[in-house]
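> Could you have a look at this structure, given as structure tokens, before my questions?
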Amino acid sequence: MNEEQRSLLLKSASLFPPSPGVKLSYGTAGFRADASILQSTVHRVGILAALRSLKTQSVIGLMVTASHNKVTDNGVKIADPSGGMLSQDWEPFADHIANARDPETLVSLIEEFVKKENIPFDGTHSAEILLGRDTRPSGESLLEVAKQGINSVSGAVAHDMGILTTPQLHWMVRARNKGLKATESDYFDQLLSSFSCLMDLIPDGSKINESEDKLMVDGANGVGGEKLEIIKTKLNGLVIEVYNDGKGGGVLNEGVGADFVQKDRVAPHGFSSIHAGIRCASLDGDADRLVYFIVPSNSSSKIDLVDGDKILSLFAVFIKDQLSILDEGDMKGKDNYKARLGVVQTAYANGAATDYLKQLGLEVVFTPTGVKYLHEQAAQYDIGIYFEANGHGTILFSDQFLCWLEARNNELSSISKGSEAQKAALRLLAVSKLINQAVGDALSGLLLVEAILRHMGWSIHKWNALYQDLPSKQLKVKVVDRTACVTANAETVVVSPPGVQEAINAEIAKYHQGRSFIRPSGTEDVIRVYAEASTQEAADSLANSVAAIVDRFLGFSSSQ
Ligand code: G16
């Protein structure tokens with residue numbers, strides 16, 4: 000690093016000193032905390048984004064968002080050249096620089112890392128970073144701070160893409176690095192054209208009941224509702240009404256949004272028994288999660304939740320069907336490519352969902368919570384579908400499979416144009432364009448769900464009846480230090496503190512079909528508890544007992 004660069008970094012970093020006593024870690028989805036203490040972190044992540052771009056010689060994304068967290072929180076995360084999450088080998092460096100106590104320590108950490116990673120940091124290489132933010136009030140000023148971090152690296156250029164959903168920014172980064180068109184209107188065009196292609200390929204006779212036609216969407220008072228308003232008028236054959244679009248004075252994620260709906264099992268603000276039986280969906284604050292639900296006619300009851308597991312199951316059924324149509328057509332063809340289809344879940348997946356997917360004959364694998372883990376695993380297949388129960392997920396297609404599919408479609412269109420096999424190939428190609436392959440995306444996921452329901456001629460009730468969820472309950476417990484809880488085996492076993500897992504096992508043994516696990520949250524300062532059992536009462540009771548164990552071993556009373 001030359002002197003000029005060093006003094007640029009020192010000067011810029013001295014403007015954003017870290018908040019005393021704050022130690023942050025690049026968690027499940029980047030850094031998250033109360034927005035008031037994030038300036039120094041965001042500035043340093045700006046520097047990190049520039050270094051990542053120099054190292055990969057590709058466009059990198061930086062998103063300012065705290066997704067499902069409360070409105071006063073904010074966060075920052077990096078999108079890698081593929082559009083996916085920051086490579087996990089860089090996370091320790093992210094932690095080190097975020098927690099460096101002064102500009103001098105920060106610069107020596109950078110110097111050391113640049114040398115170790117062999118990053119071209121001599122001012123002769125350029126770096127490019129796309130910046131986005133959600134609608135949080137703190138977003139605009141934090142994004143300016145990120146720009147200052149980026150500008151303190153010579154040769155680095157920041158492009159402010161404005162207010163975006165998180166998945167839009169990831170999509171743009173992926174598109175830019177593939178040399179494709181990458182503006183917001185390109186994103187909308189791709190979604191709209193592939194959706195309309197799927198709608199055009201719906202088999203005759205699978206028309207849905209007209210009264211089922213309307214979709215009510217809860218926009219979480221965030222950016223997703225705003226973007227959905229833009230595209231909904233251009234969707235042929237689908238009527239969407241957006242509630243909680245942020246313009247009516249509601250607060251982001253407060254009593255609204257996918258996280259609230261999925262965890263509390265109640266209808267979001269604005270939804271009542273007048274919506275009973277209608278197909279409803281909910282996005283989270285930055286539109287990277289999607290769940291569906293049915294409001295009960297009796298306002299005191301819980302909603303019927305159609306969660307990420309059911310979305311995964313719907314996608315899996317559809318894709319499996321299309322692959323078998325293609326296979327039948329292929330009997331006559333020369334090339335019999337056997338696509339490997341796999342699904343990825345986490346410990347939060349309802350036991351009934353996993354059983355259902357296995358009964359379909361699918362390969363099901365588990366990873367810890369966090370899209371970065373699921374995504375990596377799904378990329379091992381020709382078609383990998385991953386979903387967390389909370390509504391985060393997408394479908395990945397291998398380049399090799401897509402190449403084969405394109406070729407097969409061309410061949411079929413010359414020998415049997417309009418055949419069922421060719422339609423199946425076209426549908427799969429359309430799915431690969433509609434679904435956001437960079438990261439889970441509530442908007443593109445919603446359009447795919449809608450197109451598949453039309454294709455099947457299914458109502459939300461029929462979809463929901465694919466299998467019946469085992470009753471479950473989620474709780475969160477405030478603890479002294481959540482990092483003291485260490486888990487293994489895709490978060491199903493607690494390895495530390497000693498004795499916790501044995502105590503949980505003893506509780507589980509008391510319940511028929513009982514299952515429970517705990518894990519430290521990566522986005523909030525809590526330990527999460529999940530429990531499942533044969534009745535709701537039993538699941539609630541198991542969750543409460545396990546929460547009491549967490550409190551006993553890790554809670555504030557344990558430290559006295
Ligand atoms: C983020 C991650 C998700 C993960 C969630 C879990 O979601 O992107 O993959 O499921 O955190 O949060 P926690 O670790 O607190 O349970 P989001 O929507 O907040 O970005």
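In numbering that gives the first Met the number 0, the protein residues as written are 0 to 559.
All residues carry an ideal CB built from backbone N, CA and C; glycine is no exception.
Treat the numbers as computed from the prediction; the structure is a model and nothing was measured.
Please return the same chain residues whose Cβ sits closer than 6 Å to the Cβ of L465, not counting the five positions on each side in sequence.
Hits under 6 Å: S312.
> Any idea what DSSP makes of G138, helix, strand or coil?
Secondary structure at G138: helix, using DSSP grouped into helix, strand and coil.
> What residues does the ligand G16 have around it, judged by CB closer than 6 Å to any heavy atom, in chain order?
T27, A28, S66, H67, D283, D287, R288, T368, G369, V370, E387, N389, H391, S520, G521, T522, E523, R527
> Residues in the same chain with beta-carbon distance under 8 Å from V58, minus the five sequence neighbours each way, listed in chain order, please.
S52, P80, E127, I128, L129, V172, R175, N176
> Where does G60 land, buried or exposed, given buried means 16+ other C-beta within 10 angstroms?
buried
> Below 7 Å CB to CB, which residues in the same chain sit around K331 once its five sequence neighbours on both sides are set aside?
Below a pLDDT of 50, predicted positions are generally treated as unreliable, and K331, at 49, falls in that range; no measurement from the model is reported.
> With A346 and A181 assumed to form a contact (beta carbons below 8 Å), what rounded beta-carbon distance in angstroms separates them?
Contact check for A346 and A181: beta-carbon distance about 36 Å, past the 8 Å limit, so the pair fails to qualify.
> Report the option in V70, R514, Q379, R288 whose CA atom is closest to the CA atom of Q399.
Q379
> On the DSSP bridge assignment, give the partners of I526 in chain order.
V476, P519, per the DSSP bridge assignment.
> Please determine if the region 545–554 and the region 388–396 are in contact, where contact requires at least 3 C-beta pairs separated by less than 8 Å.
Fewer than three beta-carbon pairs drawn from the region 545–554 and the region 388–396 are found closer than 8 Å, and the two stretches are therefore not classed as touching.
> Please report the Cβ distance between H169 and V438, rounded to the nearest whole angstrom; I am assuming they are in contact, meaning their Cβ atoms lie under 8 Å.
4 Å
> How big is the Cα-Cα spacing for G236 and V448?
14 Å
> May I ask you to report which of helix, strand or coil DSSP gives T486?
Assigned with DSSP and collapsed to three states, T486 falls in strand.
> Hey, would you say N252 sits closer than 7 Å to A280, going by beta carbons?
no
> Helix, strand or coil for H158, going by three-state DSSP, please let me know.
Looking at H158 - three-state DSSP - the assignment turns out to be strand.
> Taking C-beta to C-beta, are L197 and A429 nearer than 7 Å?
yes
> Taking the C-alpha atoms as reference points, what is the distance between R31 and N73?
6 Å
> Can you check DSSP and say which residues form a bridge with D72?
D33
> Determine, using beta carbons only, whether A423 and N408 come nearer to each other than 7 Å.
no
> Look at A257 and R278 and say whether their C-beta atoms are less than 7 Å apart.
no
> Looking at C-alpha atoms only, which residue of G249, G254, G224 is the closest neighbour of E240?
G224
> Using the Cα positions of L227 and D185, report the straight-line distance between them to the nearest angstrom.
15 Å
> Run the CB neighbour count on L179, radius 10 Å, all protein chains shown included, and call it buried at 16 or more, exposed below.
exposed
> Does DSSP classify G350 as helix, strand or coil?
helix
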